[in-house]
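Residue numbers (my numbering): 41 to 174.
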């Protein structure tokens, strides 16, 4: 389980910024504005960030705020997996709102190559920060 002070940074790619339209599957209709924060597999294993195989706050649900205060104390859900049997998550999105991270990306004018820092303030509280590409 992640604890206060744990963190990681991840570089944004087009799929992260445009999840709803930049897709490699046809499993659902295109939905502009969706975005997500990726979780590298080694980070998910190291910090025990689970998908729906282990539910609850501190496992696959977290309280999240952004350093610019656009997002304030919303429910962040870890989800997906590298394959059907994976217990570890591969991405974060706001629970029940796949567009909210996309809205934050738009608000911050995030671009491909920028980075997101994900920092645990406690076992259940996360702060996200956009770091501009130099």
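In this text, a Cβ means the ideal position worked out from N, Cα and C, and glycines have one as well.
Rounded Cβ spacing between residue i and residue j (contact assumed at less than 8 Å)
{"i": "residue 122", "j": "residue 81", "result": "6 Å"}
{"i": "residue 87", "j": "residue 42", "result": "4 Å"}
{"i": "residue 118", "j": "residue 90", "result": "6 Å"}
Burial state of residue i, where buried means 16 or more other Cβ atoms lie within 10 Å
{"i": "residue 93", "result": "exposed"}
{"i": "residue 124", "result": "exposed"}
{"i": "residue 162", "result": "exposed"}
{"i": "residue 49", "result": "exposed"}
{"i": "residue 51", "result": "exposed"}
{"i": "residue 54", "result": "exposed"}
{"i": "residue 113", "result": "exposed"}
{"i": "residue 142", "result": "buried"}
{"i": "residue 133", "result": "buried"}
Beta-carbon proximity check, residue i vs residue j, cutoff 7 Å
{"i": "residue 97", "j": "residue 131", "result": "no"}
{"i": "residue 110", "j": "residue 147", "result": "yes"}
{"i": "residue 171", "j": "residue 157", "result": "yes"}
{"i": "residue 99", "j": "residue 78", "result": "no"}
{"i": "residue 74", "j": "residue 116", "result": "no"}
{"i": "residue 174", "j": "residue 153", "result": "no"}
{"i": "residue 47", "j": "residue 159", "result": "yes"}
{"i": "residue 128", "j": "residue 85", "result": "yes"}
{"i": "residue 105", "j": "residue 169", "result": "no"}
Bounding residues of the alpha helix (DSSP H) (the contiguous stretch that carries residue i)
{"i": "residue 205", "result": "In the structure displayed, the chain extends from 41 to 174; residue 205 sits before or after that span and is not available."}
{"i": "residue 141", "result": "140-148"}
{"i": "residue 85", "result": "81-87"}
{"i": "residue 57", "result": "54-57"}
Residue i, enclosing beta strand (DSSP E) - first and last residue
{"i": "residue 131", "result": "131-134"}
{"i": "residue 49", "result": "47-51"}
Within-7 Å CB hit, residue i to chain B
{"i": "residue 42", "result": "Given the protein chain composition of this structure (a single chain), no chain B is represented."}
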